[in-house]
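Q:
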Amino acid sequence: MDAKSLEAGYSNNFLLRKFKGYYELMKPRVMSLVIFTAFVGMFLAPGQITLLNSFLVIVAIALGAGSSAAINMWFDEDIDKTMERTKLRPIPLGIVSKNEALVVGILTGTISLILMQWFSNSLATSLLLFTILFYVFIYTFWLKRTTSLNIVIGGAAGAIPPIIGWTAVVPELNFLPISLFVIIFFWTPPHFWALSVYRYNDYKNANVPMLPNVSSIEDTKKQIVYYAVILILSSYLPYLDSNIGIIYFTIVTILNLLLFNSSLKLKKSREKKSIPNSEGLKFFAISILYLFSLFSALLIDHVVLK
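Residue numbers for the sequence shown follow my numbering, so the first one is 5 and each next one is one higher.
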């Protein structure tokens, strides 16, 4: 086994190496955020669903997210092997072949839809199918390589899970899950733009039209502040629902101060030749903490005030 495989934490054992490769194909860190936001959507929904059905709905959403990720890695093999951030993914390392990745993607996607339909309802299943197809065909196949709006438009796929979670319990749309969609939708661009500021050379070398490479780093940092403001305003939408109270309002206000301060630090930072801007990475990390904490605040508020 080569040094890169060892660096990525792969075992010398063939079966363990393959298992980890298939697991990494599904982008588990991204999947964890998808699962959590979908769970919050389920938890906030006013209807009833059995514990077993809840678990299997979450499994279906996880497999759907994993399916999209695996097909994304299959298609983006040329990009992944070029970028420092992605060169240790299973396909560039040769742990998993492209054909295997495609099969895993199609198989997990099919299973996810069967599970969702069997243990939930047609609306939730349709939304899950739309999410998978949107991420694969609109974002991966089209937007990512053609426009700097890739993340702005493509982010819609990652914003749907709380609605899927909600409709799995109550098969109808409501203001509250739609407000959660809006929050994630406006969270996604500044989150990924901050990473693209930090990884500017990565995206440039891979010829991926992220905003810093198409416009400029300075303009991107301004856009991050603008989107942070829109995100902050959007974060108060759930409070308009009568079931969300002062606990959420208080926690999200603290989070908003942290996020806005980080966005200003990134905007004021200066680039140094050949040195990645660490403020971009800091904002990227803080934005993850922000979203997890915001959705946790919804849970806390709901449990305490229920």
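Glycine residues also receive a C-beta, built at the ideal position from the N, C-alpha and C atoms.
How should V61 be labelled, buried or exposed, when 16 other C-beta atoms within 10 angstroms of its C-beta is the threshold for buried?
A: Classification for V61: buried.
Q: I need the boundaries of the alpha helix (DSSP H) containing N3, first residue and last residue.
A: For the chain, the structure presents residues 5 to 310; residue 3 sits outside this window and is missing.
Q: With a cut-off of 8 Å, do at least 3 Cβ pairs link the segment 11 to 30 to the segment 141 to 158?
A: no
Q: Going by C-alpha to C-alpha distance, which of L295, G158, T254, F138 sits closest to S36?
A: L295
Q: Could you give the residue range of the alpha helix (DSSP H) that holds F138?
A: Counting along the chain, F138 falls outside any alpha helix (DSSP H), and DSSP gives it neither H nor E.
Q: Can you name the residues that DSSP bridges to I279?
A: K276
Q: Going residue by residue through the segment 65 to 133, where are the continuous alpha helix (DSSP H) segments of at least 4 residues, counting only ones entirely within it?
A: Runs of the alpha helix (DSSP H) inside the segment 65 to 133: 81 to 84, 94 to 97, 102 to 123.
Q: Helix or strand or just coil, what does DSSP make of D245?
A: coil
Q: Does the separation of the CB atoms of I187 and S239 fall below 7 Å?
A: yes
Q: Compute the Euclidean distance between the alpha carbons of G158 and H306, then round it to the nearest angstrom.
A: 30 Å
Q: Taking 6 Å as the limit between beta carbons, can you name the residues of its chain near F79, skipping five residues before and five after?
A: T144
Q: Report the three-state DSSP secondary structure of Y202 (helix, strand or coil).
A: It is helical.
Q: Determine the DSSP secondary structure at E176, reduced to helix, strand or coil.
A: coil
Q: Have a look at S282 and A163 and give me their C-alpha separation to the nearest angstrom.
A: Between S282 and A163, the C-alpha separation is close to 27 Å.
Q: How close, in whole Å, do the beta carbons of T41 and P181 come, if the pair is a contact with beta carbons under 8 Å?
A: Going by Cβ atoms, the distance from T41 to P181 rounds to 10 Å, so no, they are not a contact pair.
Q: Between L137, F253, S219, which lies nearest to A74 when the distance is taken from Cα to Cα?
A: L137
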